[in-house]
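Worksheet: the structure to be examined is printed underneath.
There are 2 protein chains.
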Amino acid sequence: MESQLNPHISVDCVVFGFSPNGIKVLLVKRELDKLNESPTPSYDLKLPGSLVYNDELLDDAASRVLKELTGIENVFLERFEVLDSLDRMKNQKDKEWLESTTGLTIDRVISVAYFGLVNLADSELNGLSERSKWVTLESAIQLPFDHSKIIQRARELLLHSAGTEPIAFDLLPEKFTIFQLQQVLEVFNGSGIDSRNFRKKLKTLDFIVPLAEKQINVAHKPAQLYKFDRKRFMQFRKQKNASFI
Amino acid sequence: MESQLNPHISVDCVVFGFSPNGIKVLLVKRELDKLNESPTPSYDLKLPGSLVYNDELLDDAASRVLKELTGIENVFLERFEVLDSLDRMKNQKDKEWLESTTGLTIDRVISVAYFGLVNLADSELNGLSERSKWVTLESAIQLPFDHSKIIQRARELLLHSAGTEPIAFDLLPEKFTIFQLQQVLEVFNGSGIDSRNFRKKLKTLDFIVPLAEKQINVAHKPAQLYKFDRKRFMQFRKQKNASFI
DNA sequence: CCAAAAGTGTTTGGCCTACACCCATGT
DNA sequence: ACATGGGTGTAGGCCAAACACTTTTGG
Chain W
4 MESQLNPHIS VDCVVFGFSP NGIKVLLVKR ELDKLNESPT PSYDLKLPGS LVYNDELLDD
64 AASRVLKELT GIENVFLERF EVLDSLDRMK NQKDKEWLES TTGLTIDRVI SVAYFGLVNL
124 ADSELNGLSE RSKWVTLESA IQLPFDHSKI IQRARELLLH SAGTEPIAFD LLPEKFTIFQ
184 LQQVLEVFNG SGIDSRNFRK KLKTLDFIVP LAEKQINVAH KPAQLYKFDR KRFMQFRKQK
244 NASFI
Chain B
4 MESQLNPHIS VDCVVFGFSP NGIKVLLVKR ELDKLNESPT PSYDLKLPGS LVYNDELLDD
64 AASRVLKELT GIENVFLERF EVLDSLDRMK NQKDKEWLES TTGLTIDRVI SVAYFGLVNL
124 ADSELNGLSE RSKWVTLESA IQLPFDHSKI IQRARELLLH SAGTEPIAFD LLPEKFTIFQ
184 LQQVLEVFNG SGIDSRNFRK KLKTLDFIVP LAEKQINVAH KPAQLYKFDR KRFMQFRKQK
244 NASFI
């Protein structure tokens, strides 16, 4: 097993950006110059995704590809789907593009799709590469391969999993207050969580870990800071009716 | 794209067999003679699984492989996991076996795992092939590749979805008694449902429909018969915490 | 009459919900 | 002082769990 690209296995990342204006999705530019040899540079947009190395785990490949293509790192990506249709490359242009960029002969590619969520207000997103772009969900309906379908499925997942998947924590800073967590969950819910009951509930959840630290320089009583323990959450979610809302 | 085996992509099927005594899992014998050239035939057991053809959908591959290796067909198989660790072939014997049976050079294989459920009492299962075998979950703990781990994950899925997916009704006849339903759910649970509470709960569920019919020729008080209304169930499951256990 | 499963009510404890006020800090 | 979010307790309702006996049939 050598460190070379496997021509049959790829990953694709759907990264949603959360902002008060709405939800956007992160795409990357795909250069089409080499194919049609036109004098003017041309491109279209696709999901950040690529083939996987033979000695690479899928999770690692997803993080690597996202970093390489968009500059974004430290996004928690969750595997959610396997794409295996036989007509994924039905557009000859897509196949040629993939062969020209990888230097490999491509017949069939099975793709494992990942899903992530970031806060567009985060300053860390300033490392965004030139070739990547946030677009609205409405404008991501005619993408290469089956990428529009993947985005559609990820969007359904987003709507149905606010209380059972750890997506809320992807929108929060490392250290957050209970109030911040509540605000994010209220956006998913459509608003209306009682703060006293919410705090009581959180005290029983071992994956919300209090830190020996409080807010500073805030114009109110400084709040206790907490962190999210993902491992403990993964245990928690295995229980029968595991919802933290 | 020709009809040949893809050396990087496989499917594995975890088929659980339900019986009043407990749950069993379907394994197939793997001949090891060719490897060690011993005079006495020897084999061990593994999950029914195999490489996928390049022009074959994963779902189709899973059904085909299950049919070919065990003789069982018409089982609803659900995709539930992707296995991608780098040490899936850490046992050299497994790699050699796969290479000798496929005639291919194997480096890395990613496997897509499927899950299915059948009633061991069903007469249709008589087509079971000689080389396949139902074993208890306890005796399936030291299997080749990562098959024990796959079974473990499928078992968790089974437990998690017993009360939220309609899988219990796939094991019951068209007309069933509450006691029969309870027995099925008790096997999923690992046993222990209070019949009085269970009957109370069921009376509130409109998808368990009483028929104008009772048991006949039973050596006890004849029980009311019920049928399962799938459409009403689909409505029911859309609710937030929809579980009928 | 015996075996086997059918069927039926009440009590208890835990959990979720609703609800209102004082606290610490920066401006 | 005042604005802002931080942080706390209690009472009521609902639901799930624990618990035992009588009924109906076939053998």
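Those protein sequence lines, which keep their order, are chains W and B. This note's numbering numbers the first residue of the first sequence as 4 and each following residue consecutively. This note's numbering numbers the first residue of the second sequence as 4 and each following residue consecutively. Every residue, glycine too, gets a C-beta built ideally from N, C-alpha and C.
DSSP places W/E81 within a strand segment (E or B) once states are collapsed to three.
W/G74 places its beta carbon less than 8 Å from that of W/S135. W/S135 sits in a strand when the DSSP states are folded into three classes. Against B/D87, the close residues of chain W are L60, L61, in the order they occur along the chain (beta-carbon pairs closer than 7 Å). Within the DSSP secondary-structure output, B/Q227 pairs in a beta bridge with B/K217. Nearest C-alpha to B/I181 among B/P225, B/L160, B/L161: B/P225. Interface with chain W (8 Å Cβ-Cβ cutoff): B/N192 is excluded. Cβ-Cβ distances below 7 Å link B/L29 to V18, G20, P51, T73, S135, W137 in the same chain, with the five nearest sequence neighbours on each side left out; the list follows chain order. Think of a sphere of 7 Å around the beta carbon of B/I113: the chain W residues whose beta carbon falls inside it are I12, in chain order. For the set W/E71, W/Q185, W/V31, W/Q155, the Cα lying nearest the Cα of W/E141 is the one of W/Q155.
Residue pairing by DSSP puts B/G25 in a beta bridge opposite B/S22. Secondary structure at B/F179: strand, using DSSP grouped into helix, strand and coil. By the criterion of at least three beta-carbon pairs nearer than 8 Å, the stretch 173-192 of chain B is not in contact with the stretch 83-90 of chain B. For B/H11, the closest alpha carbon among the candidates B/I26, B/N57, B/L35, B/L48 is that of B/N57.
As a beta-bridge residue in DSSP terms, W/S13 pairs with W/L54, W/S114. Pairwise C-beta distances place the stretch 155-169 of chain W in contact with the stretch 75-83 of chain W, as three or more of them are shorter than 8 Å.
Legend: CB atoms of the stretch 99-123 of chain W lying less than 8 Å from CB atoms of chain B belong to residues D110, R111, I113, V115. Looking at W/K98, W/T139, W/K32, the one whose alpha-carbon comes closest to that of W/I26 is W/T139. Contact between B/L48 and B/L146 holds, with the beta-carbon distance rounding to 6 Å and staying under 8 Å. Annotation for W/L60: no alpha helix (DSSP H) segment contains it, and DSSP assigns it neither H nor E. With respect to W/L69, W/L8 sits apart: the two C-beta atoms are not nearer than 8 Å.
W/Y117 and B/K178 have their C-alpha atoms spaced approximately 42 Å apart. Here DSSP, grouped into helix, strand and coil, assigns W/E168 to coil. Within chain W, the residues H11, R111 have their CB atoms less than 8 Å from the CB of B/N9, given in chain order. By the neighbour-count criterion, in which 16 or more other beta carbons inside 10 Å mark a residue as buried, B/Q185 falls on the buried side.
In the structure shown, the three-state DSSP call for B/K93 is coil. Among the residues facing chain W, B/N57 is included, as its CB has a counterpart in that chain under 8 Å away. About 10 Å separates the beta carbon of B/L208 from that of B/Y229, a gap too long to meet the 8 Å contact definition. Taken through DSSP and simplified to helix, strand or coil, W/L123 comes out as coil. For B/L162, the closest of B/A64, B/S151, B/N77, B/I248 by C-alpha to C-alpha distance is B/I248. In summary, the residues of the stretch 68-94 of chain B whose CB is separated from some CB of chain W by less than 8 Å are R82, V85, D87, S88, L89, in the order they occur in the chain.
The straight-line gap separating the alpha-carbon atoms of B/V115 and W/K203 is approximately 41 Å.
Looking at the backbone, the Cα of W/P169 and that of B/E34 are separated by about 44 Å.
For W/K178, not one C-beta of chain B is nearer than 8 Å to its own C-beta. Secondary structure note for B/L48: its beta strand (DSSP E) is the uninterrupted segment 46-49. In the three-state scheme derived from DSSP, where H, G and I count as helix and E and B as strand, B/E71 is classed as helix.
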